[in-house]
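In my numbering, the protein residues as written are 7 to 370.
What follows is a set of notes on a single structure, which appears directly below.
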């Protein structure tokens with residue numbers, strides 16, 4: 007009897023979304039008979055440990071990219087920190103060689119980690135950004151070429167979006183594709199739709215890298231202390247143990263919630279408010295939940311997604327500058343926004359075929 011294929015899964019550390027969208031992939035791998043080894047550090051590691059306490063977790067240092075308090079574009083910030091990024095990529099290349107040998111890894115799935123590929127085993131790269139939107143055509147073309155240079159070291163690319171009429175627009179459906187095979191998985195969400203009474207008016211999820219997460223929280227807290235609406239606030243801090251004190255019995259605050267509880271409260275809420283992160287967008291679509299998106303200043307990807315989805319009448323958006331909960335809710339009520347109901351099982355088919363391929367290669 008042949009052994010189970012052993013797959014390493016490692017998400018990027020630029021926001022919890024990279025870890026949360028790996029959760030359905032990991033569950034699907036386990037369902038189809040794979041052994042899964044996780045690799046992460048810090049908050050990403052905590053999120054994965056909470057969801058999969060029985061799986062081995064290897065420490066893999068992150069990129070630790072810093073973001074500006076002001077509206078500097080993400081691409082320009084990345085260029086300034088490129089020496090550090092290149093250093094981590096080189097570290098990943100050495101790390102994966104050692105881990106594949108020591109743990110007998112049969113395949114690696116990297117969510118946006120550029121150096122986690124191995125020439126002797128199937129190496130999968132997950133991204134929804136085949137086109138890097140910078141707001142400048144020349145810079146976008148340059149960014150895409152750099153990105154493809156790294157993507158093309160992998161064997162295949164998995165894109166968490168629909169193959170047609172995608173949620174991410176041109177980000178996931180660019181004119182020029184990578185040289186390696188590209189497969190669309192459909193939206194990836196760790197959450198399951200639940201029929202619940204709408205006991206809460208608003209569900210607010212804070213996420214993303216600092217200092218922007220804290221800056222938005224600082225804007226929201228004075229409003230939450232005065233509100234008379236029933237609100238759930240999830241701060242997006244899985245490593246935080248100290249609770250936040252609010253002078254309002256109508257507001258319930260959590261530092262972090264596991265997937266089941268997170269979905270439970272979201273489904274009990276009339277509307278959600280969050281950054282325009284793609285993982286949050288996939289959650290809302292999967293749950294067919296109304297939402298207001300607040301793009302992170304300087305993140306042109308989020309600015310594009312928020313505008314694209316508002317133009318399609320799927321979600322409304324609100325400016326992060328002087329954000330008002332009441333004003334955003336009033337504007338939402340005046341519009342006819344609705345998440346599309348498009349249930350798909352593409353992920354299951356892709357992972358099933360992938361594991362079958364691995365099992366056949368192990369037999370040889």
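Yeah, the Cβ is synthetic: ideal placement off N, Cα and C, and Gly gets one too.
Owing to the predicted nature of the structure, the values given are computational and were not obtained by experimental measurement.
Please decide whether residue 208 counts as near chain B, where near means a Cβ-Cβ distance under 8 Å.
Among the chains in the structure shown there is no chain B, since it carries only a single protein chain.
Extract the residue ranges of the beta strand (DSSP E) inside the segment 224-257, only unbroken runs of 3 or more that lie entirely within it.
237-240
What does the alpha-carbon distance come out to for the pair residue 276 and residue 315?
If you number the chain shown from 1, residue 276 lands on position 270. If you number the chain shown from 1, residue 315 lands on position 309. Taking the straight line from one Cα to the other gives about 19 Å.
Would you mind working out which of 114, 64 and 118 sits nearest residue 125, comparing C-alpha positions?
Mapped onto the chain shown, residue 125 falls at position 119. Checked all of 114, 64 and 118; the closest Cα to residue 125 is 114.
Please name the residue, chosen from 205, 318 and 157, that lies closest to residue 342 on a Cα-to-Cα basis.
Position 336 of the chain shown, counted from the start, is the residue given in the question as residue 342. Per the Cα distances, 318.
Using C-beta distances below 8 Å, list every residue in its chain close to residue 112, excluding the 5 sequence neighbours before and after it, in chain order.
Stepping through the chain shown from its first residue, residue 112 is reached at position 106. So the qualifying residues of the chain are 11, 12, 13, 127, 128, 364, 367 and 368.
Please check the pair residue 325 and residue 338, which I expect to be a contact at CB under 8 Å, by giving their CB distance rounded to whole angstroms.
Here residue 325 refers to the residue found at position 319 of the chain shown. Here residue 338 refers to the residue found at position 332 of the chain shown. Not quite, the Cβ-Cβ distance comes to about 14 Å (not below 8 Å), so this is no contact.
Hey, could you find the ends of the alpha helix (DSSP H) residue 295 is sitting in?
Residue numbering aside, residue 295 sits at position 289 when the chain shown is read from its first letter. Looking at the DSSP string, residue 295 is not in any alpha helix (DSSP H), and its letter there is neither H nor E.
Count Cβ pairs between the segment 241-248 and the segment 166-183 that sit closer than 8 Å; are there 3 or more?
no
Please report the straight-line C-alpha distance between residue 181 and residue 118, rounded to a whole angstrom.
As a working note, residue 181 is residue 175 in the chain shown. As a working note, residue 118 is residue 112 in the chain shown. Their backbone Cα atoms lie some 20 Å apart in a straight line.
Within the chosen definition, does the segment 55-72 reach the segment 26-43 through at least 3 CB pairs nearer than 8 Å?
yes
Residue 45 bridges to which residues according to DSSP?
Start at 1 with the first residue of the chain shown, and residue 45 comes out as number 39. Answer is 64.
At what residue ranges does the segment 135-200 contain a whole run of the alpha helix (DSSP H), taking only runs of 4 or more?
143-157
Taking the beta strand (DSSP E) that residue 281 falls in, what are its first and last residues?
Locating residue 281 in the chain shown gives position 275, where the first residue counts as 1. Unbroken beta strand (DSSP E) run through residue 281: 275-281.
Based on the DSSP output, what are the partners of residue 17 in its beta bridges?
One-based indexing of the chain shown puts residue 17 at position 11. Answer by DSSP bridge pairing, in chain order: 117.
Can you name, in chain order, every residue of its own chain whose Cβ lies under 8 Å from the Cβ of residue 95, other than the five neighbours on each side?
The residue given as residue 95 occupies position 89 in the chain shown. Taken in chain order, the residues that qualify are 120, 121 and 156.
When you compare only the Cα positions, how much space is there between residue 289 and residue 239?
Against the chain shown, residue 289 aligns to sequence position 283. Against the chain shown, residue 239 aligns to sequence position 233. Near 16 Å, if we compare the C-alpha coordinates of residue 239 and residue 289.
In chain order, what residues of the same chain have a beta carbon less than 8 Å from the beta carbon of residue 265, not counting five sequence neighbours either side?
The count along the chain shown starts at 1 and reaches residue 265 at position 259. So the qualifying residues of the chain are 26, 29, 57, 196 and 197.
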